[in-house]
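Numbering (the numbering used here), first residue to last: 1 to 269.
The C-beta atom is built at its ideal place from N, Cα and C for all residues, glycine as well.
Values in this document were obtained by computation on a predicted structure and should not be read as measured data.
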């Protein structure tokens, strides 16, 4: 297979060790400004994924992120924020990383080279044909991710690949290819930088749009967020007060009585 592995091409900047601190930071920022445009170019593909997800979620399907290293950690980060932000069970969006939970904090040698483990990891969750698997790999060549996508596709699941190398094996293998072409990294090959940032932006868009589509948002508010600390109770009370046109104290009482912003607003309408 012949394609340009952009994530390994030489940086647009050299002699980094000779730059003063401000120059280093300005040059990094210049590169970062390219990321949003790269993500924007993939919105048609992200749209297909979100619509496919929403259709399957309504049937009880789930979203699985699979990845290794930085990509795996970003998937886990996005999955872990769904319950507190949208009040969804942690079993609906699941992040899996090569090497297991240990790899969230520490690199696990050779874990990403295992082409069968991702499917084994998914099988622990009793996969169904309504589930969707999104593989995340800047290189687009990670065996853990490729193996998981191949097996999921074979079983009839909808698959997507988020990669920073257009035309890579992941882009070809997945049903939906989200190819985030951010160009060479500021530090050659360090995909925790622009590539990782672009992946984070794409994941934000995927999960947030999905939650909006399935009714977990009202207006522009997180009406199903978990009220797990005083800051969120305060935010929730303000949302209720605004939604019902009542004073803060009454809104706070209603929030505590009904347990969520949505339930309080529904009860007061």
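Coarse secondary structure for residue i, derived from DSSP in three states
{"i": "residue 239", "result": "helix"}
{"i": "residue 213", "result": "helix"}
{"i": "residue 132", "result": "strand"}
{"i": "residue 176", "result": "strand"}
{"i": "residue 311", "result": "Because residue 311 is not part of the residues shown, which for the chain are 1 to 269, the question remains open."}
{"i": "residue 85", "result": "helix"}
{"i": "residue 53", "result": "helix"}
{"i": "residue 246", "result": "coil"}
{"i": "residue 42", "result": "coil"}
{"i": "residue 105", "result": "helix"}
{"i": "residue 226", "result": "coil"}
{"i": "residue 28", "result": "helix"}
{"i": "residue 137", "result": "coil"}
{"i": "residue 18", "result": "helix"}
Residue i and residue j closer than 7 Å at C-beta
{"i": "residue 102", "j": "residue 108", "result": "yes"}
{"i": "residue 203", "j": "residue 121", "result": "no"}
{"i": "residue 198", "j": "residue 35", "result": "yes"}
{"i": "residue 136", "j": "residue 67", "result": "yes"}
{"i": "residue 256", "j": "residue 223", "result": "no"}
{"i": "residue 147", "j": "residue 171", "result": "no"}
CB-CB length for residue i against residue j, believed under 8 Å
{"i": "residue 138", "j": "residue 164", "result": "4 Å"}
{"i": "residue 91", "j": "residue 56", "result": "The Cβ separation is near 15 Å, so there is no contact."}
{"i": "residue 184", "j": "residue 10", "result": "6 Å"}
{"i": "residue 3", "j": "residue 168", "result": "6 Å"}
Pairwise C-alpha distance: residue j and residue i
{"i": "residue 254", "j": "residue 186", "result": "51 Å"}
{"i": "residue 247", "j": "residue 241", "result": "6 Å"}
{"i": "residue 97", "j": "residue 74", "result": "10 Å"}
{"i": "residue 212", "j": "residue 235", "result": "19 Å"}
{"i": "residue 129", "j": "residue 150", "result": "14 Å"}
{"i": "residue 267", "j": "residue 27", "result": "53 Å"}
{"i": "residue 249", "j": "residue 258", "result": "14 Å"}
{"i": "residue 143", "j": "residue 243", "result": "49 Å"}
Bridge partners - residue i, DSSP secondary structure assignment
{"i": "residue 93", "result": "63"}
{"i": "residue 218", "result": "221"}
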